[in-house]
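Enquirer: Take the sequence shown: its letters are residues 73 to 153, numbered as in our numbering. Don't be surprised by glycine CBs; every beta carbon is placed ideally from N, CA and C.
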Amino acid sequence: MTVEEVKKIIDEESLKGGNLFEKRKNKENEMVIMNVAEQWLVYATDERASKITGSEKKFKTEEEALDNFITRLRALNVLKN
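Quick look at the structure:
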């Protein structure tokens, strides 16, 4: 999966609560994907916008991280609705 494919899925499925490589402070109850020191991180935030302990997954490739991000973002949207 590519960043463009993820953006298309987010748009087509009207998914909310994702931080797709945005350089900003975390928001409450969102999924975050970022690149840090040659590895990709995906994690969830809580109601205080803090990283949820145990939610962080590390990946060696962007493709794996994007797959995980979109799966978790879809789940987050199911829980919110």
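#1: From which residue to which residue does the beta strand (DSSP E) around I105 run?
#2: Only counting the same chain, and skipping five residues up and downstream in sequence, which positions put a Cβ closer than 8 Å to that of Y115?
#3: Of the choices V78, N101, T117, E94, whose alpha-carbon is the least far from that of V108?
#4: With N149 as the anchor, note down where its alpha helix (DSSP H) starts and where it stops.
#5: Taking the alpha carbon of L151 as the reference point, which residue from L87, M106, T133, R120 has its own alpha carbon closest?
Expert: Judging by the given coordinates:
#1: 103–108
#2: M103, V104, K123, I124, S127, E128, K129
#3: E94
#4: That run of the alpha helix (DSSP H) goes 134–152.
#5: L87
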